[in-house]
Structure formats: C-alpha cells, structure tokens
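Residue numbering for the sequence shown follows numbering that gives the first Met the number 0, starting at 0 and increasing by one per position.
The beta carbon of each residue, even a glycine, is placed where N, CA and C say it ideally should be.
Every value quoted in this text rests on a predicted model; they were computed, and no experiment measured them.
Below: one structure, written as structure tokens.
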Amino acid sequence: MDLDLTDDQRALQALCRDFAKKDILPHRDEWNTTGRFPVEVFRKMADLGLMGLLVPEEYGGTGVGAVAYVAAMEEIAKADQSVASTWNAHLTIGSLPLLYFGTEEQKRRWLVPLARGERLGAFGLTEPEAGSDARAIRTTARRDGDGWVIDGTKMFTTNAGTEISQGVILLAVSGTRADGGKEYSAFMVPRGTPGFDVGRLIPKIGWHAVDTRELIFRECRVPGDHLIGQAGVGLRQFMQALAIGRISVAALSLGLAQACLEVSIEYARQRRQFDRPISTFQAIQFKLADMATAVENARLIVFKAAWLHDRGRPFAKEAAMAKLYASDTAMHAALEAVQIHGGYGYTDEFVVSRFFRDAKILQIGEGTNEIQRLVIARLLGC
Numbered sequence: 000m001d002l003d004l005t006d007d008q009r010a011l012q013a014l015c016r017d018f019a020k021k022d023i024l025p026h027r028d029e030w031n032t033t034g035r036f037p038v039e040v041f042r043k044m045a046d047l048g049l050m051g052l053l054v055p056e057e058y059g060g061t062g063v064g065a066v067a068y069v070a071a072m073e074e075i076a077k078a079d080q081s082v083a084s085t086w087n088a089h090l091t092i093g094s095l096p097l098l099y100f101g102t103e104e105q106k107r108r109w110l111v112p113l114a115r116g117e118r119l120g121a122f123g124l125t126e127p128e129a130g131s132d133a134r135a136i137r138t139t140a141r142r143d144g145d146g147w148v149i150d151g152t153k154m155f156t157t158n159a160g161t162e163i164s165q166g167v168i169l170l171a172v173s174g175t176r177a178d179g180g181k182e183y184s185a186f187m188v189p190r191g192t193p194g195f196d197v198g199r200l201i202p203k204i205g206w207h208a209v210d211t212r213e214l215i216f217r218e219c220r221v222p223g224d225h226l227i228g229q230a231g232v233g234l235r236q237f238m239q240a241l242a243i244g245r246i247s248v249a250a251l252s253l254g255l256a257q258a259c260l261e262v263s264i265e266y267a268r269q270r271r272q273f274d275r276p277i278s279t280f281q282a283i284q285f286k287l288a289d290m291a292t293a294v295e296n297a298r299l300i301v302f303k304a305a306w307l308h309d310r311g312r313p314f315a316k317e318a319a320m321a322k323l324y325a326s327d328t329a330m331h332a333a334l335e336a337v338q339i340h341g342g343y344g345y346t347d348e349f350v351v352s353r354f355f356r357d358a359k360i361l362q363i364g365e366g367t368n369e370i371q372r373l374v375i376a377r378l379l380g381c
C-alpha cells in the first residue's frame with residue numbers, strides 16, 4: 000500500500016482545503032446557530048465539480064475513486080460536519096444505487112443531475128420502528144397495473160427537503176418469498192410526486208444545518224420505470240451501496256477528530272495557568288499525544304479501506320473497522336477537546352462544544368458501532 004497520494008489526489012485535497020477555508024469556515028457558526036441549510040455552498044461545490052466524485056465522467060461526475068474521495072472528505076469534514084454529512088449522503092447512498100443498479104435511462108434522467116450538482120440526492124431506509132434492523136421496515140410497495148403504490152413513513156432522511164432536492168430513493172417491502180420471508184425493492188420517488196409529503200424538520204443535538212426529515216407516503220403511485228434494479232433484491236442492493244458509505248462516514252469522523260486535535264493544540268499553547276501554557280503540563284501533553292496517535296491510526300485504516308476498494312479487492316471488513324474505529328476516535332477526541340478547554344469547552348463560544356455534539360451521531364449513522372462489530376465478527380468467520 001503506497002501511503003503517498005498521487006498528484007491528482009493531492010490537487011483535489013488542496014482544492015477542498017482552500018474551499019473550506021474560504022467558503023465554509025467563515026460561515027459555519029451562522030449555519031449551525033440558525034439551522035439554515037447552506038444551499039449556496041453546494042452550488043459552489045457543483046461549480047467546482049465536487050458533487051459527483053464517485054460517479055464516472057460519462058454520467059456527469061469525475062470518478063476520482065475512494066482514496067481521493069477520502070482525502071477530500073477529510074478536509075470538508077474538518078471544517079464543518081453539517082456540510083460534510085450532507086455531501087456524504089448525496090455522494091454515497093443518495094447517488095450510488097442509481098450508478099450500481101439503475102438502467103441507462105435512469106442514470107441519464109436522475110444520476111446525471113445529481114453528479115452535476117443540479118440536484119441533491121437522498122436515500123430513505125430508517126423508519127419509526129426500523130433502524131439497525133432494516134428487515135423490519137413497514138413501508139410497502141404494491142403492484143398496481145404497470146406501476147407501484149407506496150405507503151409508509153421514513154425517518155431521519157437526509158437531503159430530501161431542500162430547494163435542490165431531487166426526491167428520495169427508498170426501500171420498501173414489495174412482496175413475500177416462497178418461504179414466507181419479505182421481498183424488498185428500491186424505488187426513485189421524485190419530489191412533487193402525489194402522495195409524497197416532505198414532513199417535519201427533525202431537531203437534533205448536532206448537525207444543525209443538515210436537512211433531516213420525516214417523509215410520508217400515502218397512496219404514492221410511481222411508474223414501473225421508477226423501480227431501481229431488480230424487484231425483490233433491494234435490501235441486498237442497498238447493502239452494497241452501504242459498504243462505501245461506511246468508508247465515507249469514517250472519513251467524516253477522521254476530519255472531526257483531526258479538527259479536535261488541531262484546536263486543542265492551539266488552545267493548550269495559548270491558555271495559561273500557573274504562569275505557563277497548559278501545553279507544558281504532562282496531563283495535557285498525554286491527552287494530546289493519545290489523541291494524535293488515535294487520529295493517525297484512524298487515518299491509516301480509513302485510507303486502507305479506500306485503497307482496497309479502488310483496487311477491486313474485498314473491503315467490507317476494513318470498511319466496518321474504519322467506520323467503527325474512526326467514529327470512536329472522533330467521539331473520544333471531542334470529549335478530550337472539551338476537557339482540555341475546561342469551562343470554555345462547555346460553552347457555545349468555543350467550537351469544541353459543537354464538535355462534541357456532532358461526534359455522537361458518527362457512532363450511530365450508517366450502521367451503529369455495535370452493528371459494525373457484528374459485521375466484523377461475521378467476516379472473521381464467527
């Protein structure tokens with residue numbers, strides 16, 4: 000495994016670093032305080048060609064690969080988790096099902112606008128009674144002539160309620176197998192489809208500028224050509240798209256952990272107690288040393304998972320490991336950052352309080368860390 004990025008990968012990383020410095024950092028406090036979705040940021044990202052990094056050029060993207068994507072995501076995630084998590088959902092589960100399983104017509108119709116950044120992608124899986132247990136979803140899709148009628152509710156869906164949202168790709172129970180088990184299928188439901196209601200904006204302790212919605216489907220009819228992939232195998236299709244999504248959330252976590260480390264070092268050098276900087280105290284030095292070591296370990300496993308992906312080698316185990324370790328590292332780094340900042344760290348006047356709130360969801364989304372441990376154990380043959 001070559002630990003050096005290529006010239007093109009470094010150029011993309013630098014582009015995202017500069018963009019974050021100029022267009023995200025000066026405004027992130029306002030977005031996260033007001034909860035306003037920063038649509039202008041994603042329009043600028045579209046102009047820079049950043050909204051289709053995992054999509055081939057023939058469908059409007061740039062197809063840079065997972066390693067370059069991780070390098071880019073770390074820079075955006077280090078600047079702001081709300082922007083990065085929105086970007087993550089769009090680039091992975093909001094777009095990849097169409098790339099992997101869509102027909103040529105579906106790709107031209109829906110994937111190209113996503114990759115160009117003209118529209119924002121969303122995926123609906125989680126429901127009020129179905130989280131880690133995806134097979135427990137209750138949203139149904141029944142055949143109706145040459146189309147399908149969808150009924151149900153999706154929860155915690157990212158990107159479905161903005162002014163540039165395309166709609167949502169969702170998973171629904173579409174039938175029953177011969178053995179009595181459920182069949183699942185994926186569908187594209189465009190915004191404005193009769194019977195599709197974009198529900199309430201869900202308040203959260205972190206990720207305040209992320210559009211997180213409840214989606215309601217009542218007798219929502221879609222044509223037959225809105226079926227994504229094969230009928231009855233939608234859950235398997237989703238799991239394939241989820242694998243790289245875990246790498247992406249790991250990169251989100253890596254960026255947050257790195258940000259926690261950097262602001263903690265800066266604060267420790269400036270903050271004085273007992274007539275000297277607190278960075279000179281061994282208790283603080285040990286915290287920073289442990290944070291730095293964990294962040295570097297996280298970086299190695301995240302990039303290894305991405306490297307395996309780009310070489311067409313099995314990467315599911317490493318993706319689960321990366322998501323597990325990097326998100327745990329981000330949570331611990333955020334806790335330590337608050338502790339190093341002391342009382343100031345508990346106030347909204349310092350960014351580490353937001354890091355702390357943003358970190359927790361990384362251990363939950365894209366499969367909880369308990370689920371990641373189960374995935375890893377199964378892939379070890381247990």
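Residue 164 is not a Cβ neighbour of residue 174, given a cutoff of 9 Å. Scanning the segment 89 to 161 for uninterrupted beta strand (DSSP E) segments of 3 residues or longer gives 139 to 143, 146 to 157, listed from N- to C-terminal end. Between residue 153 and residue 126, the C-beta gap is smaller than 9 Å, which places the two residues in contact. Contact between residue 324 and residue 297 holds: their C-beta atoms lie close to 6 Å from each other, under 8 Å. Two segments are said to touch when three or more pairs of C-beta atoms, one from each, lie closer than 8 Å; by this definition the segment 233 to 248 touches the segment 305 to 322.
With a 10 Å radius around the Cβ and a threshold of 16 neighbouring Cβ atoms, residue 72 comes out buried. Residue 84 is positioned such that its CB atom lies no closer than 9 Å to that of residue 53. Here DSSP, grouped into helix, strand and coil, assigns residue 50 to coil.
When the Cα atoms are used, residue 74 and residue 207 turn out to be separated by approximately 19 Å. Under the three-state reduction of DSSP, residue 226 is assigned to strand.
Look at residue 201 here: in three-state DSSP terms it is coil, with no helix or strand label. The Cβ atoms of residue 358 and residue 329 sit closer than 9 Å to each other. By the neighbour-count criterion, in which a residue is buried when 16 or more other Cβ atoms sit within 10 angstroms of its Cβ, residue 285 is exposed. Between the segment 104 to 123 and the segment 43 to 57 there are three or more inter-stretch CB-CB distances shorter than 8 Å, so the stretches are counted as touching. When beta bridges are read from the DSSP output, residue 284 appears opposite no residue. Counted as a single uninterrupted DSSP element, the beta strand (DSSP E) harbouring residue 182 occupies residues 181 to 189. Two segments are said to touch when three or more pairs of C-beta atoms, one from each, lie closer than 8 Å; by this definition the segment 330 to 350 touches the segment 261 to 275.
Per the Cβ contact rule, the segment 216 to 223 is in contact with the segment 177 to 191 (3 or more Cβ pairs under 8 Å). Residue 124 and residue 337 have their C-alpha atoms spaced approximately 33 Å apart. Among the bridge pairs identified by DSSP, residue 272 is matched with 275.
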